[in-house]
Amino acid sequence: MAGAVGDAEQSVTYADRSGDAFQRMSKRTTHADALHQAGRRAEAETRFREAERMQAERQPDYPLLYSLQGFRYGDLLLAASEHAAWQTICSGSRRPPEDIVAHTATLQGISQRATQTLKWAMNGGLGLLTLALDHLTLGRAALYAMILEGGDDAFETARHELDAAVSGLRHSGNMDDLPRGLLTRAWLRFLEGKCTGPDSAQADLDEAWEIAERGPMRLFLADIHLHRARLFFRETTYPWESPAADLAAARKLIEQCGYGRRKEELEDAEAIIRQQSS
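Structure, rendered in structure tokens:
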């Protein structure tokens with residue numbers, strides 16, 4: 021990730037020299053996303069806010085980041101709630117009430133953003149990828165709300181949005197983005213009890229693996245290893261080698277790639293699964 025962060029930072033410099041308003045905004049979101057994946061969250065958030073100010077100046081009627089740029093910002097805004105949801109799933113215990121209130125407010129705000137940008141995308145004919153990414157953001161927000169707060173409404177919303185996201189990503193032809201949707205839907209399907217077999221969590225994870233392995237898309241491979249271990253470590257029959265093997269592979273990829281965003285999640289999973297097996 022260090023090379024990606026450096027290249028993205030350089031692209032901001034070149035964009036600024038060009039004077040092109042769109043390039044100046046979009047390259048800042050590319051830099052911000054690289055910082056986020058590297059685990060430099062505060063710097064990433066600063067860059068995203070800078071880009072959104074530029075977006076508001078460039079298109080006053082569309083003051084929020086949208087399309088891929090908006091999805092990347094949403095990914096960062098969702099990160100803390102995603103982490104909290106994984107901690108809840110792995111530990112089997114609910115978060116403190118004050119934490120749930122804070123995450124609820126965050127998730128509602130992100131859902132409102134994505135609902136607005138989805139309307140812009142539909143009205144502006146911005147294409148299948150943009151629509152699918154907005155559905156994915158809405159699905160993720162609903163999934164994390166369901167895990168942290170409970171409630172059947174969030175469950176139904178998550179299912180609808182994630183099915184729309186996966187379908188849209190598939191039909192858009194952007195196979196490099198499809199694992200994003202498959203990974204999140206696998207989580208939902210597992211919670212629905214659809215763990216193995218057709219149309220299951222395992223099926224989604226295996227399809228994501230087939231796509232990522234061809235790249236190889238190493239960050240997705242790390243995510244898949246983590247999802248396997250965190251979802252299935254309590255199951256009597258583990259569909260792959262073992263939770264320990266998946267965590268070891270995830271650690272190797274995270275360290276090799278400098279994928280700092282997942283470091284704390286990995287450590288959480290290692291501690292809980294080690295305790296479970298002892």
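The sequence shown begins at 21 in the working numbering and counts up one residue at a time. C-beta atoms are modelled at their ideal positions from N, C-alpha and C, and glycine is treated no differently.
- Nearest Cα to Ala178 within the set Arg254, Leu211, Asp288 and Arg250: Leu211.
- Residues of the same chain with a CB within less than 8 angstroms of the CB of His51, apart from the 5 flanking positions on each side, are Val25, Ala28, Glu29, Ser31, Val32 and Arg67 in chain order.
- The C-alpha of Trp207 lies about 11 angstroms from the C-alpha of Glu102.
- Check the Cα spacing between Leu146 and each of Leu88, Gln75, His56 and Arg60: the tightest is with Leu88.
- The continuous alpha helix (DSSP H) containing Phe210 extends over residues Leu198 to Leu211.
- Cβ-Cβ separation between Arg205 and Asp224: approximately 5 angstroms, consistent with a contact (criterion under 8 angstroms).
- Measuring C-alpha to C-alpha distances from Asp266 to each of His245, Thr256, Lys283 and Glu285 identifies His245 as the nearest.
- Sorting Ala35, Met45, Ala76 and Gly23 by C-alpha distance to the C-alpha of Ala54 places Gly23 at the top.
- In the DSSP assignment, Gly159 falls within the alpha helix (DSSP H) that extends over Leu148 to Glu169.
- Of all alpha-carbon atoms in Glu118, Gln132 and Pro199, the one lying nearest the alpha-carbon of Glu169 is that of Glu118.
- Note on geometry: alpha-carbon atoms of Phe252 and Leu198 lie some 22 angstroms from one another.
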